[in-house]
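The structure under discussion appears below in the form of structure tokens.
Protein chains: 2
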Amino acid sequence: MNLKELARTLGLSPTTVSRALNGYPEVSSRTREKVQAAAALHGYVPNHQAQRLATGQTKAIGHVLSLAQNDMINPIFGDFIAGAGEAYAELGYDMVVSVAREGNEEEAYRTLVARNRVDGVVLHSPTATDARIALLAELDIPFVVHGVAPGVSSPYSWLDINNFGAFERATKLLIDLGHERIALLNGPKGMSFATDRLAGFTQAMNKAELPIEPGHILHASMTEPYGFDSTTELMARPDAPTAFLSSSMMTTIGVYRALGQLGLEIGRDVSLVTHDDMLSFLPNSGDVPQFTCTRSSVRRAGHRVVEMLISQITEKTEIPMTELWEADLVLGRSTGPAPGHRP
Amino acid sequence: MNLKELARTLGLSPTTVSRALNGYPEVSSRTREKVQAAAALHGYVPNHQAQRLATGQTKAIGHVLSLAQNDMINPIFGDFIAGAGEAYAELGYDMVVSVAREGNEEEAYRTLVARNRVDGVVLHSPTATDARIALLAELDIPFVVHGVAPGVSSPYSWLDINNFGAFERATKLLIDLGHERIALLNGPKGMSFATDRLAGFTQAMNKAELPIEPGHILHASMTEPYGFDSTTELMARPDAPTAFLSSSMMTTIGVYRALGQLGLEIGRDVSLVTHDDMLSFLPNSGDVPQFTCTRSSVRRAGHRVVEMLISQITEKTEIPMTELWEADLVLGRSTGPAPGHRP
DNA sequence: GCACTCTTTCAAAGCGCTTTAAAGGGATAC
DNA sequence: GTATCCCTTTAAAGCGCTTTGAAAGAGTGC
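If you read the protein sequences in the order shown, they are chains F and D. First residue of the first sequence: 1, per the working numbering; consecutive thereafter. First residue of the second sequence: 1, per the working numbering; consecutive thereafter.
This is the structure we're talking about:
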């Protein structure tokens, strides 16, 4: 059943039927009701392609999942997408996901835009000077970045958590507990969130006039073995840290595993603060969570990023929107006074 | 630049230009080359919507990500999508992802199909008698299921790993090592993979004439705390198991954590075999992996499922395709003879 | 009853492409 | 020179919807 047939059935013109269904005002409410009833009765659903061609809007948003860093797929992707998907469902948009190999990303964005497949784009995991931002600006397509790229001077829309503040506070918490040798298991070098976290950490250490041991600062993709291996290694050093800051729950589990293997009790022998993206398959909840953490829901972020992007598209505003979310600092069972420290 | 303009520029008709670009034979090679050169020069890219409307094909495949089981997002989603995305990129298709809340799934599929949004659908995580299979058959749209639904009698296309065989072999391995009390930390009840794994486990136990302790068989979403909590609980029982079978790396990490906390050495005091989907952020690799496992790449599965689906669409074949992959059984460092057992 | 305004409906054009049916143009054969 | 055939190109009709501009109908005031 298409529009023409439905119109004929009703003895109306396609124009009127189209308007009735799309909520245009220049149609009487009696007619509108009749049309809606008939559409429901015959199970009429407008053809998506035709609508898109006629309106010139795709009602779709693109996400490019890039397999850049050694083929690792970011585990937050699933939860981010879930949040985004909810927003899409609410707002009547489609989500088009493409996968690009490293180096192919520009190509992926270009064709997405040139072929008119999407009305906007969500950008993930920016680096400090991410070239994709300039590209999207040049392509003149609305986009929102999940994360901020401090090295990009032109304005653009983004949503991020306050990585600097979160890690500064987390570090300060550990310092207040008497820890002086703190290891930072950071995300991959270049990622702007990792840069910010390191800066927050550094600031807190500097303020407390504590030296930073370069060997205590590591960068890598946030896998479980990364946490395990680097903890094992760090704890074998003569200047082993008494506390750890971990950039993700995934890595944290590895830290936990390593400390367990070494027979160390977490929260007593060694303290640990992790960032918790609230991934559904890695819960760290309860009144007193297992791990003390800086916490922010990546799923909520996905939802919000999409809302921002779509409001930009529908309102055709050129003014960039930015949101900086504070992460909660939640005390769990993985932090305690430094060994030998008298509070 | 659109087709008409390009045609005018070249002094040709839109028909010829269209044919030249789409590789139709009834165009001279001289003309074709000229057209291709001009298209490249002017950066002409056909409008996606128009192409789709004219051909009636969407060149898009739908994935419905369902948030059914207590809002948990399956961590394999990211890797599956990555594999699928590679195939889409190779074959020139788009991937449309929609998120459906529990109960809304039927609706999600119906509109996806009715609006002519996609040419086919990939179905994830079927239950034994999954109703979505009948729905998609009724909607008469090509689909491939990732996983098999043993309770559905009508034929359909699927790709699955041999969950039964994998867990039978894994159980047998443990039995051969002298283990008699084996716990199975299975996936959620109802999921067909979980049913198959239980059946494989049961068969191996029965063949060895070993009793199955009902309390040793657990079902839940495969989170890390699930592994941790159930292991802690099981190990406190008087009939504590000497070996564990775990359905996912995520849960396995929790088991590992619990055993570490109890001061038990894995591979000596307690053995553990896990299923390993080869998720990129949960590697279990190396010559001798950390964990003995049944292994199959979910990413490769994603790639293959898409190939199957698209070949079905393009070849218009009604004959269902099915593939049952054997999982590798890889010996790692988490298995050893049962305590007190003399081989 | 007429002129005028509003409201409601419609015919037709257009979105940018594909594809069918037909025409044009050489080349070959007689 | 004309007829025949094949190769190449084209005009025009869709695909199913939206939207513009115009017409028809329904009220109002005089």
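Cβ atoms here follow ideal geometry from the backbone N, Cα and C, with glycine treated the same way.
Between the beta-carbon of Ser66/F and that of Ala128/F there is about 16 Å, and that puts the pair past the 8 Å contact cut. Here Arg115/F carries a coil assignment [DSSP, helix/strand/coil].
Listed along chain D, the residues sitting closer than 8 Å to Phe281/F by beta-carbon distance are Met72, Ile73, Asn74, Pro75, Ser221, Met222, Thr223, Glu224 and Met250. For Ser221/D, the closest of Pro75/D, Arg169/D, Ala40/D and Pro150/D by C-alpha to C-alpha distance is Pro75/D.
Proximity of Met191/F to chain D, defined by a Cβ-Cβ separation below 8 Å, is not satisfied.
Per DSSP, the unbroken beta strand (DSSP E) holding Arg101/D starts and ends at Asp94 to Arg101. Inclusion of Pro142/D and Gly120/D in the CB contact set at 8 Å is warranted, their separation being smaller than that value. Setting aside the 5 residues that flank it on each side, Leu135/F is surrounded in the same chain by Glu106, Tyr109 and Arg110, each with a C-beta closer than 8 Å to its C-beta; the list follows chain order. Taking Pro320/F as reference, the option from Met205/F, Pro238/F and Ile133/F with the minimal CA-CA separation is Ile133/F.
The beta carbons of His179/D and Ser247/D sit no closer together than 8 Å. Secondary structure of Phe80/D (DSSP, three-state): helix.
Per DSSP, reduced to three states, the secondary structure at Met191/F is strand. Residue burial is scored here from C-beta neighbours: His63/F has at least 16 other C-beta atoms within 10 angstroms and is therefore classed as buried.
Here the region 299-319 of chain D does not lie against the region 263-270 of chain D, with fewer than 3 beta-carbon pairs under 8 Å apart. For Pro46/D, at least one C-beta of chain F is nearer than 8 Å to its own C-beta. For Asn163/D, no beta strand (DSSP E) run applies; the uninterrupted alpha helix (DSSP H) run containing it begins and ends at Asn163 to Asp176, by DSSP. Excluding sequence positions up to five before and after Val99/F, its CB lies within less than 6 Å of the CB of Leu65, all in the same chain and listed in chain order. Within the region 113-152 of chain D, the complete beta strand (DSSP E) runs of at least 3 residues fall at 120-124 and 143-146. Taking 8 Å as the cut-off, the Cβ atoms of Phe201/F and Phe228/F do not count as close. By alpha-carbon distance to Leu10/F, the top candidate from Tyr24/F, Glu26/F and Ala40/F is Ala40/F.
Taken atom to atom, the span from the alpha-carbon of Asp176/D to that of Glu326/D is near 21 Å.
In the DSSP secondary-structure assignment, Val64/F is bridged to Ser98/F. The beta carbon of Ala82/F sits closer than 8 Å to some beta carbon of chain D. Taking Tyr93/D as the centre and dropping the five residues before and after it, the same chain places the C-beta of Lys59, Ala60, Ile61 and Ile310 closer than 7 Å to its C-beta, in chain order.
Within the region 263-290 of chain D, the residues whose Cβ lies closer than 7 Å to some Cβ of chain F are Ser280, Phe281, Leu282 and Pro283, listed in chain order. At a cut-off of 8 Å between C-beta atoms, Ser98/D counts as an interface residue with respect to chain F. For Tyr256/D, the chain F residues whose Cβ falls inside 7 Å of its Cβ are Arg257, in order along the chain.
Using a CB distance cut-off of 8 Å, Thr292/F does not count as an interface residue toward chain D.
The continuous stretches of beta strand (DSSP E) do not include Ser334/F, and DSSP gives it neither H nor E.
Taking C-beta atoms under 8 Å as the contact rule, Val273/D and Ala114/D fail to qualify, at a distance of about 45 Å. By the Cβ neighbour-count rule, Asn206/F is exposed, with fewer than 16 other Cβ atoms within 10 Å of its own. Spatial neighbours of Ala183/D in its own chain (CB-CB distance under 6 Å, excluding positions within 5 residues in sequence) are listed in chain order as His216, Leu234, Pro241 and Phe244.
Residue-level contact check: Met308/F does not touch chain D, since none of the beta carbons of chain D fall below 8 Å from its beta carbon. Think of a sphere of 7 Å around the beta carbon of Leu53/F: the chain D residues whose beta carbon falls inside it are Gln49, Ala50 and Leu53, in chain order. The C-alpha of Met278/F lies about 17 Å from the C-alpha of Gly147/F. A distance below 6 Å between beta-carbons, with the five flanking residues on each side excluded, links Leu264/D to the following residues of its chain, in chain order: Val270.
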